[in-house]
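Chain order of the listed sequences is G, Y and E.
Every letter in the first sequence is one number past the one before it in my numbering, and letter 49, counting from 1, is 162.
Every letter in the second sequence is one number past the one before it in my numbering, and letter 1, counting from 1, is 8.
Every letter in the third sequence is one number past the one before it in my numbering, and letter 64, counting from 1, is 243.
Glycine included, C-beta positions come from ideal geometry on N, C-alpha and C.
Values in this document were obtained by computation on a predicted structure and should not be read as measured data.
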Amino acid sequence: MIWQLDLFLLILVVICAVATITVKDLLSATIIFSAYSFLMCLLWAEMGAVDVAFTEATVGAGVSTIFFIAAIFRTTRRSKD
Amino acid sequence: MRISVQEARDRIPHHDIILETTVRLMVPFIQLYGLYVIVHGHYSPGGGFQGGVILGASVILFALAFGLPASQEYLSEGTNILMANAGALIFTGIAVLCALLGGMFLDYSALVKILPIDPISWRSHGIFLVEVGVGMGVMMIMISIYWDMASAGHLDEGLHMASASQTDKVL
Amino acid sequence: MKSLALLATLVTGALLLYGTADFAAWGDPQSPPNRNISVHYVEQAVKETHVPNIVTAVLGDYRGYDTMFELVVIYSAGMAVMGILRRREDQ
Numbered sequence: 114m115i116w117q118l119d120l121f122l123l124i125l126v127v128i129c130a131v132a133t134i135t136v137k138d139l140l141s142a143t144i145i146f147s148a149y150s151f152l153m154c155l156l157w158a159e160m161g162a163v164d165v166a167f168t169e170a171t172v173g174a175g176v177s178t179i180f181f182i183a184a185i186f187r188t189t190r191r192s193k194d
Numbered sequence: 008m009r010i011s012v013q014e015a016r017d018r019i020p021h022h023d024i025i026l027e028t029t030v031r032l033m034v035p036f037i038q039l040y041g042l043y044v045i046v047h048g049h050y051s052p053g054g055g056f057q058g059g060v061i062l063g064a065s066v067i068l069f070a071l072a073f074g075l076p077a078s079q080e081y082l083s084e085g086t087n088i089l090m091a092n093a094g095a096l097i098f099t100g101i102a103v104l105c106a107l108l109g110g111m112f113l114d115y116s117a118l119v120k121i122l123p124i125d126p127i128s129w130r131s132h133g134i135f136l137v138e139v140g141v142g143m144g145v146m147m148i149m150i151s152i153y154w155d156m157a158s159a160g161h162l163d164e165g166l167h168m169a170s171a172s173q174t175d176k177v178l
Numbered sequence: 180m181k182s183l184a185l186l187a188t189l190v191t192g193a194l195l196l197y198g199t200a201d202f203a204a205w206g207d208p209q210s211p212p213n214r215n216i217s218v219h220y221v222e223q224a225v226k227e228t229h230v231p232n233i234v235t236a237v238l239g240d241y242r243g244y245d246t247m248f249e250l251v252v253i254y255s256a257g258m259a260v261m262g263i264l265r266r267r268e269d270q
């Protein structure tokens, strides 16, 4: 565990998390959420939990993003608030 | 693939040669990697769940690029439901089979009565059988959820139709 | 209302951060979670299951019940989506 890398990744995770809930365009929010999942995957891998990182990369960054995009295409792209 | 390239191209409104060629090249390798992740779960990170999601994602990628009907030529709806149920049934079936053969629920060493090898080896092989069931179930469920969400349950055109009708609303 | 929500979030976050101060150090072999059953898994998993990857051994064998219901959860989610959304044209 390298604390500099850890700090860098955690700061990026916080930035991505805040950006996901503030961005008005839902498609952008989905893509930023995918980036968030991938950064979490890097964090898991860096802490040695490779199986969890694998699951996060496939489910979090891969399939759930596609499901979100499918839902957005079927509803509206702009958030109302 | 049972469907020709021309047929798939006719079905979708906006086809893109770069996208289609890339997806056609990538899908077999993604599927091979998914199978590798499932069967190599004993020795490296991975296992049934992750491999199943990768296999499902390969078919979803195919559906995204070529349209939903093309992916249903590749994997029919009946096969999808059948294999989703079979995957869940393999896991629970093996668990119950262990109990019926005199061991405990999910105690794979009880399967030694079916094929007499080392009970410790049966625990390893039991894990493998169960992982195959998990992979099959997860793959088919992921594909089925994507089909339903992309076509709003009609299983017709998928996102291509949705994007065509939504363009003026979005922009 | 928004400032109230921000205040609630900050207070909850501060409490959670305060809670993590009592966590054991990362990877500490003497911490309570690592002293109970983990020792048995690390020492005996390969001998008892012939699976070199301990994570797979734990997920598939020792905690097989957990993995089984994980699959059941995914299966129920798929069947629920199918039951709510899917409709055929002839119905």
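Looking only at its own chain, which residues have a Cβ that is under 7 angstroms from the Cβ of residue i, when we skip the five neighbours before and after it?
i, result
"residue 238/E", "246"
"residue 155/G", "122"
"residue 61/Y", "37, 40, 41, 44"
"residue 253/E", "none"
"residue 147/Y", "87, 90, 91, 94"
"residue 236/E", "224, 228, 230"
Find the residues of chain Y that neighbour residue i, judging by a C-beta separation of less than 7 angstroms, and give them in chain order.
i, result
"residue 257/E", "91, 148, 151, 152"
"residue 172/G", "60"
"residue 167/G", "52, 53, 57"
Kindly indicate if chain G contains any beta-carbon less than 8 angstroms away from that of residue i.
i, result
"residue 34/Y", "no"
"residue 234/E", "yes"
"residue 159/Y", "yes"
"residue 144/Y", "no"
"residue 63/Y", "yes"
"residue 56/Y", "yes"
"residue 166/Y", "yes"
By the criterion of Cβ-Cβ separation under 7 angstroms, what are the contact partners of residue i in chain E?
i, result
"residue 164/G", "234"
Any beta carbon from chain Y within less than 8 angstroms of residue i's own beta carbon?
i, result
"residue 184/G", "yes"
"residue 253/E", "yes"
"residue 176/G", "yes"
"residue 230/E", "yes"
"residue 246/E", "yes"
"residue 240/E", "yes"
"residue 227/E", "yes"
"residue 237/E", "no"
"residue 206/E", "no"
"residue 264/E", "yes"
"residue 260/E", "yes"
"residue 192/E", "no"
If we ignore side chains and look at the alpha-carbon of each, how far apart do residue i and residue j end up?
i, j, result
"residue 8/Y", "residue 69/Y", "Annotation note: pLDDT 43 at residue 8/Y (below 50); position unreliable, no value reported."
"residue 57/Y", "residue 28/Y", "26 angstroms"
"residue 81/Y", "residue 178/G", "23 angstroms"
"residue 180/Y", "residue 150/Y", "Because residue 180/Y is not part of the residues shown, which for chain Y are 8 to 178, the question remains open."
"residue 33/Y", "residue 170/G", "18 angstroms"
"residue 161/Y", "residue 262/E", "12 angstroms"
"residue 54/Y", "residue 199/E", "31 angstroms"
"residue 156/Y", "residue 187/G", "8 angstroms"
"residue 127/G", "residue 135/G", "12 angstroms"
"residue 93/Y", "residue 234/E", "25 angstroms"
"residue 133/G", "residue 159/G", "23 angstroms"
"residue 120/G", "residue 181/E", "29 angstroms"
"residue 137/G", "residue 180/G", "19 angstroms"
"residue 176/Y", "residue 163/Y", "For residue 176/Y, the predicted model reports a pLDDT of 45, less than 50, meaning its position is unreliable; a value from the coordinates is still stated below. Near 21 angstroms, if we compare the C-alpha coordinates of residue 163/Y and residue 176/Y."
Once DSSP output is grouped into helix, strand and coil, what is the label at residue i?
i, result
"residue 138/G", "strand"
"residue 191/G", "strand"
"residue 109/Y", "coil"
"residue 145/Y", "helix"
"residue 158/Y", "coil"
"residue 212/E", "helix"
"residue 24/Y", "helix"
"residue 251/E", "helix"
"residue 122/Y", "coil"
"residue 153/G", "helix"
"residue 231/E", "coil"
"residue 164/Y", "coil"
"residue 50/Y", "coil"
Can you list, in chain order, the residues of its chain whose CB lies under 8 angstroms from that of residue i, leaving out five sequence neighbours each side?
i, result
"residue 185/G", "139, 140, 143"
"residue 257/E", "none"
"residue 47/Y", "53"
"residue 163/G", "157"
Only counting the same chain, and skipping five residues up and downstream in sequence, which positions put a Cβ closer than 6 angstroms to that of residue i?
i, result
"residue 116/Y", "126, 129, 130"
"residue 151/G", "174"
"residue 102/Y", "112, 113"
Just checking: is the beta-carbon of residue i within a distance shorter than 8 angstroms of some beta-carbon in chain E?
i, result
"residue 109/Y", "no"
"residue 99/Y", "yes"
"residue 153/G", "no"
"residue 118/Y", "no"
"residue 130/Y", "yes"
"residue 81/Y", "no"
"residue 138/Y", "yes"
Please list, in chain order, the chain G residues whose beta carbon lies closer than 8 angstroms to that of residue i.
i, result
"residue 67/Y", "176, 179"
Can you pull the chain E residues whose beta carbon is under 8 angstroms from the beta carbon of residue i, in chain order?
i, result
"residue 95/Y", "250, 251, 254"
Please list, in chain order, the chain E residues whose beta carbon lies closer than 9 angstroms to that of residue i.
i, result
"residue 127/Y", "226, 227, 228, 229"
For a contact meaning CB atoms closer than 9 angstroms, what does residue i contact in chain Y?
i, result
"residue 198/E", "None at all; the shortest Cβ gap to chain Y is about 30 angstroms."
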